[in-house]
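Take a look at the structure set out below.
And the structure:
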């Protein structure tokens, strides 16, 4: 209200202005705290006395050892003289000499954009030891620089050496750019972002700048400080070479130093084998997948869009006839008025919007759909129309009309991004566009999938594991009955049903098998009797009976659940067969609500 936002200007204060000046304080501790809490703006307000100092001659060596940076001012963290800027053959030869002695190669690219499939290479950064790095410009608009053909020829022996380890941060992007520009990259390609994610899967500070602040106490230059923001933003090829050289040099230097810190920590955490066996070799595979893209049948999608549009028009016309007038069906405010003011739909138990209107969100419409005894035939039909209209609108807007606009003009394919570090569970995600979320349970969803096609003479193959989660459960729990059933290729749900109902497998009915299937998968996700009853026709008491029978039949599974829960409560994390750890720091909150604590325990049981 007005009182809260009115500034009081006549308040009597007793203080001495000079005492408000910043006095002596523990600068390192403050900077460390600000970095940890991500107080970027406050860091920039600290006095400049924290700047690293030069030697008695006022100079820093070209390849001087990295200093522990205790200032937020990026230009002071890395002066342009620290890293070599390669603008002629002699400087390139110098870099080659250093790389010939290198035990590891850190690399980073500067480009004209964030889309690795379309961005152009502007410069290449390399580092071969902490504090020793170079920037090689190749496509700045101004300034002396060598042609990419010369640079790539000089770099090829090192990037293509399978025995020379490479390291990058968000390496899939850098690798994609290199491959698109003809620079092959071989050997183990380490990624400090992936390593940081394995150590802290829930972290939202996996970017290079954040990791450098947390681990190196560096406050690095943000890219927007070079290229600007909004309408005034330019591409990096328009920026002078020197500041870009300092920026890129700091990136590859930070990356190699992060690797030296994070890699040993990952070994200590017991996750190096997981990284080396799964995450490390996955990076080039995902890169190849993204580069390949997927072909779309654009004519098919155009025809489908026409059909959906016609059906949407039919639905709107039908609804307007019932209501008696036209209105904007996409306006939640107008729809709410039609349903609850004009058609007198029941409102009991429905949520309201912040504006006080009855909500027309999907969750609320589903509640209405379940009130069949309180709805007229006409009202039920209206709800059916709205559900279909929303489903068709979403499919058309999200996929049918959107996918063609995402086709790369050069490749005529859609190139998604596979996010290796996208989930705390270790699962991959897909974005721009999300191709892992194409619907399949409905006929329309399956129609959309048919738009993804193979070139002539090729085929698309769909493959899936058979009951992989139950197989893993049998293995980690060492439940011999389940293991034996899988070994003999038995119907696992029929096997469970025979145990629950104490009958022979060949006597199991379809309904009994369905119930056993529900309980099998409910166990994997740690569901309670109440959870099982909500998905079946059983009451909680009957569901508990079958759950008890399940654990009597499979005692090792009950032991596994109890042991996993004990480990979770004792250590705060659980781990998979390959050693991936999932942490649950929320458990440290003694006031955590019971339902949230139970949800965490269910997630922990499912994690392995």
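Residue numbers (this note's numbering): 1 to 608. All residues carry an ideal CB built from backbone N, CA and C; glycine is no exception.
Using only the heavy atoms of the ligand SAM, determine whether one of them is closer than 7 angstroms to the beta carbon of residue i.
i	result
residue 431	You won't find the ligand SAM in this model; it holds no ligand whatsoever.
According to the neighbour-count rule (16 or more other Cβ atoms, all chains shown, within 10 Å of its Cβ), is residue i buried or exposed?
i	result
residue 530	exposed
residue 513	buried
residue 592	exposed
residue 172	buried
residue 82	buried
residue 290	buried
residue 493	buried
residue 189	buried
residue 246	buried
residue 510	exposed
residue 552	exposed
residue 460	exposed
residue 275	buried
residue 78	With a pLDDT of only 42 at residue 78, under the threshold of 50, the placement of this residue in the model should not be trusted; the figure read from the coordinates follows. Its Cβ being crowded by 16 or more others within 10 Å, residue 78 is buried.
residue 341	exposed
residue 57	Bear in mind that a pLDDT of 36 at residue 57, under 50, signals an unreliable position, so the number given afterwards is only what the model happens to contain. Residue 57 is exposed by the Cβ-count criterion.
residue 111	buried
residue 604	buried
residue 448	buried
Starting from the Cα of residue i, find the closest Cα among the options and give me that residue.
i	options	result
residue 391	521, 315 and 186	315
residue 169	188, 200, 207 and 139	207
residue 278	269, 233 and 195	195
residue 588	438, 442, 570 and 538	570
residue 614	378, 376, 386 and 373	A question about residue 614 goes unanswered here, because the residues of the chain that appear run from 1 up to 608.
residue 37	205, 102, 157 and 84	205
residue 319	303, 338 and 231	338
residue 192	349, 370 and 108	108
residue 344	550, 578, 376 and 566	376
residue 271	575, 595 and 605	575
residue 126	412, 42, 496 and 156	156
residue 308	182, 399 and 187	399
residue 433	111, 413 and 348	413
residue 85	162, 243, 154 and 448	243
residue 154	184, 129 and 144	184
residue 312	325, 292 and 329	329
residue 500	491, 548 and 538	548
residue 223	217, 233, 215 and 490	233
residue 455	411, 248, 129 and 138	411
Between residue i and residue j, what straight-line distance do the alpha-carbon atoms span, to the nearest angstrom?
i	j	result
residue 554	residue 198	33 angstroms
residue 395	residue 445	8 angstroms
residue 60	residue 92	With a pLDDT of only 36 at residue 60, under the threshold of 50, the placement of this residue in the model should not be trusted; the figure read from the coordinates follows. Their Cα atoms are separated by approximately 21 angstroms.
residue 525	residue 262	33 angstroms
residue 607	residue 425	7 angstroms
residue 602	residue 528	9 angstroms
residue 585	residue 34	21 angstroms
residue 87	residue 124	12 angstroms
residue 379	residue 333	18 angstroms
residue 306	residue 282	40 angstroms
residue 351	residue 227	46 angstroms
residue 140	residue 239	7 angstroms
residue 69	residue 30	The pLDDT assigned to residue 69 is 35, lower than 50, so where the model puts this residue is not dependable; a value taken from the coordinates is nonetheless given after this. The straight-line gap from Cα to Cα measures roughly 13 angstroms.
residue 176	residue 564	40 angstroms
residue 483	residue 471	7 angstroms
residue 323	residue 361	20 angstroms
residue 120	residue 356	51 angstroms
residue 609	residue 327	This structure cannot speak to residue 609, because the chain is shown only from 1 to 608.
residue 408	residue 349	48 angstroms
In this structure, what does DSSP give as the bridge partners for residue i?
i	result
residue 132	129
residue 611	Outside the displayed span of the chain (1 to 608) sits residue 611, for which this structure offers no information.
residue 431	417
residue 189	166
residue 452	296
residue 110	123
residue 407	414
residue 85	135
residue 105	166
residue 546	Paired residues: none, contrary to the question.
residue 573	583
With three or more beta-carbon pairs closer than 8 angstroms as the criterion, would you say the segment 249-264 touches the segment 123-142? yes
At least three beta-carbon pairs within less than 8 angstroms, the segment 395-409 to the segment 295-315: yes
Mind the definition here: the segment 258-266 touches the segment 205-224 only if three or more C-beta pairs lie below 8 angstroms; say whether that holds. yes
Could you say if the segment 283-290 and the segment 414-432 meet the contact criterion of at least three C-beta pairs nearer than 8 angstroms? yes
For the pair the segment 93-107 and the segment 143-151, tell me if three or more CB-CB distances fall below 8 angstroms. no
Between the segment 538-553 and the segment 432-445, are three or more C-beta pairs nearer than 8 angstroms? no
With a cut-off of 8 angstroms, do at least 3 Cβ pairs link the segment 558-570 to the segment 502-513? no
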